[in-house]
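First to last, the sequence lines map onto chains A and B.
Per UniProt numbering, residue 1 is the first one in the first sequence, and the count goes up by one each step.
Per UniProt numbering, residue 1 is the first one in the second sequence, and the count goes up by one each step.
Protein chains: 2
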Amino acid sequence: MTTGFTEETSAEVVAASFDGTPDPRLKAIMTSLVTHLHAFVKDVEPTEAEWERAIAFLTETGQRCDATRQEFVLLSDVLGVSMLVDAINHRTPAGATDTTVLGPFHMVESPPRELGANISLDHNGEPCVFAGRVTAPDGTPLPGARVDVWQANGAGFYDVQQPDVQPERNLRGLFTTDGDGRFWLRTVVPRYYPIPDDGPVGRLLAATGRHPNRPAHIHVIAEADGHVPVTTHVFVEGSPYLDSDTVFGVKESLVRPVTEVDDPARAERFGVANPFRLLEFDVVLDKVRA
Amino acid sequence: MTTGFTEETSAEVVAASFDGTPDPRLKAIMTSLVTHLHAFVKDVEPTEAEWERAIAFLTETGQRCDATRQEFVLLSDVLGVSMLVDAINHRTPAGATDTTVLGPFHMVESPPRELGANISLDHNGEPCVFAGRVTAPDGTPLPGARVDVWQANGAGFYDVQQPDVQPERNLRGLFTTDGDGRFWLRTVVPRYYPIPDDGPVGRLLAATGRHPNRPAHIHVIAEADGHVPVTTHVFVEGSPYLDSDTVFGVKESLVRPVTEVDDPARAERFGVANPFRLLEFDVVLDKVRA
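Now the structure itself:
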């Protein structure tokens, strides 16, 4: 007559309520969700007041979202779920460049720019050349590869966060590699920055003694015909928070130094005064498999 | 240099980020949450598109909440979590009346009413006497116990859902038991009803082949000095959906028949014409333990 729901049977009874789900994938997801969710609740045995606080937290997280703010993505980020989903979906073969999270700031298209262009339109930060080469795993250069770059300025802000301060499309550019698979551009060294922390996720970090910062990085999406695109960052060696990125995005394979280069010939090729600062990042794209 | 986050280590790495949480209870909750959440994600291996849909679903669930609608409570309800939290927090000793969920409709205070009062102000539904006795586990009657009653009408709606149709405080009353621990009142037989299903939770139910209905019930909160209060329902025997309450609230111990009574003396005591319909529900409250 009843469903037989008890503290002991709850997960099985609720999972069974999804038995009639027409889509087998949705059925599998709901069954797994119920199993793990009930295991969590049984593990922590929340008081009714604690459960009400959890409901209020989730509600506020949803209500903090708008056209330029996605608080549930931030929550997923600081709980390491975004990076876990990234890892599951990009089991990169050895040799290919590792992936990391896309992040929330790729909300506008990067404007196509010529190799060597300066993407720092506000000149806020220490000038720096960003250069690299896109190749296949066997080292074959990939001419005509698209390299999409975006980053924060020397104060730790993206253009979309400061529409009244930074020029539109500041520190964004879509480049195409030359006949040797190379790309190069002028920019500034990015600064570490906090994720938006004036909402419920920021309060969670504060309550748990965690800082909200990400170490300095430049975002890169690289793609070439016949190859698997990669969404990644290059992290600046020596940046604060490399060992405690609040979204768990750092991989050791993605950390590179900004070096001081004294080489008049290279400076001339990059169109900068000698000496200059250089951040180099080569990208290896796996071949698409049949 | 990095956190060592990988698909294999993710739960441990993220749990460790909460090691500095000052409040030990919050630390335990976050550690358990991360462990179970990562186990769920590893189990279902969501695509990036699926994860985005999950984020969008949670966001919409938060944004559907307002002063009179709590969509995250509905989500907790249909996933059986509200009933599980209820079960964990009310491990009722044998003999005491079982608990079930409070539900979202106790949002206004029930007006104190005299024993025998008619709480059906709109006369929508089949007239019925609701009566019972509040006792301790050893059968001792509890005079002066408070019995708070609220219910949907014969069309399946609570007053707060139809402020323009139903009189204020329709089908709500706070009663005090007489010297023999008894309460009685006039009302109507409630109808089964759907939980609000025009939001994301309703769409989830539809997509999974589940109906949104709760079987007919009257809500009761009973309390008496020196005893443990109980929040529960009495369910109407024979109601549709008793075996598939969408919030898993039904317990067999809480189901009672509406009987047809032909007894002029009782009819007179209850102040109704003979014969009459009667729903009886006795409540047993556990003693507060030191």
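A virtual CB, placed ideally from N, CA and C, is assigned to each residue, including glycine.
- ALA131/B is not a Cβ neighbour of LEU285/B, given a cutoff of 8 Å.
- Within the stretch 202-235 of chain A, the beta strand (DSSP E) runs of at least 3 residues that lie entirely inside it are, in chain order, 217-223.
- Interface with chain B (8 Å Cβ-Cβ cutoff): THR208/A is included.
- Rounded to the nearest whole angstrom, the C-alpha separation of GLY62/B and SER82/B is 17 Å.
- Contact of SER17/B with chain A is assigned, a C-beta pair being separated by under 8 Å.
- Scanning chain B for C-beta atoms nearer than 8 Å to the C-beta of SER76/A yields TRP51 and ILE55, reported in chain order.
- In this structure, the CA atom of TYR241/B is about 26 Å from the CA atom of CYS65/B.
- Counted as a single uninterrupted DSSP element, the alpha helix (DSSP H) harbouring ASP77/A occupies residues 71-78.
- Secondary structure at THR21/A: coil, using DSSP grouped into helix, strand and coil.
- Taken through DSSP and simplified to helix, strand or coil, LEU142/B comes out as coil.
- Counting every other CB atom within 10 Å of its CB across the protein chains shown gives VAL236/A a total of 16 or more, marking it as buried.
- In terms of CA proximity to ARG182/B, ALA224/B leads the group ALA224/B, VAL73/B, HIS38/B and THR3/B.
- In the three-state DSSP reduction, PHE40/B falls in the helix class (H, G or I).
- Shortest Cα-Cα distance from THR47/B to any of ILE55/A, ARG25/A and LYS42/A involves ARG25/A.
- Interface annotation, GLU223/A: not in contact with chain B, CB-CB separation never under 8 Å.
- Rounded to whole angstroms, the separation of the alpha carbons of VAL201/A and PHE57/A is 9 Å.
- Taken through DSSP and simplified to helix, strand or coil, ALA155/B comes out as coil.
- When the Cα atoms are used, ASN213/B and ASP77/B turn out to be separated by approximately 12 Å.
- As DSSP reads the structure, GLU260/B sits in a beta bridge with ARG277/B.
- Nearest Cα to VAL147/A within the set ALA206/A, GLN161/A and VAL234/A: VAL234/A.
- Below the 8 Å Cβ cutoff, chain A contributes no neighbours of ASN213/B, its closest Cβ being approximately 12 Å away.
- Chain A has a Cβ within less than 8 Å of the Cβ of ILE29/B.
- Between the stretch 4-22 of chain B and the stretch 8-25 of chain A there are fewer than three C-beta pairs closer than 8 Å, too few to call the two in contact.
- Residue environment analysis places ASN274/B among the exposed positions, since fewer than 16 neighbouring C-beta atoms fall within 10 angstroms of its C-beta.
- Cβ proximity to chain B below 8 Å picks out nothing from the stretch 97-125 of chain A.
- Contact fails between the stretch 191-206 of chain A and the stretch 163-180 of chain A, because fewer than three Cβ pairs, one in each stretch, are under 8 Å apart.
- When the five nearest sequence neighbours on each side are left out, the beta carbons in the same chain lying within less than 7 Å of the beta carbon of THR177/A are those of VAL134, LEU142, PRO143, GLY144, ALA145, VAL147 and PHE183, in order along the chain.
- Straight-line spacing of the CA atoms in ALA290/A and HIS227/A works out to 11 Å.
- ARG186/B: member of the beta strand (DSSP E) spanning 182-188, first to last residue.
- TRP150/A and SER239/A have their C-alpha atoms spaced approximately 18 Å apart.
- With a beta-carbon spacing of about 5 Å, ASP86/A and VAL101/A fall inside the 8 Å limit used to define contacts.
- Counting along the chain, no alpha helix (DSSP H) covers GLY125/A, and no H or E run does either.
- Using a Cβ-Cβ cut-off of 8 Å, GLU12/A is close to nothing in chain B; its nearest Cβ partner there is about 10 Å away.
- In this chain, GLY173/A is not harboured by any alpha helix (DSSP H); it is covered by the beta strand (DSSP E) spanning 172-176.
- Neighbours of SER32/A in chain B, taken as residues at a C-beta separation under 8 Å, are given in chain order as PHE40, ASP43 and VAL44.
- Look at the stretch 164-198 of chain A: it has no residue with a C-beta under 9 Å from a C-beta of chain B.
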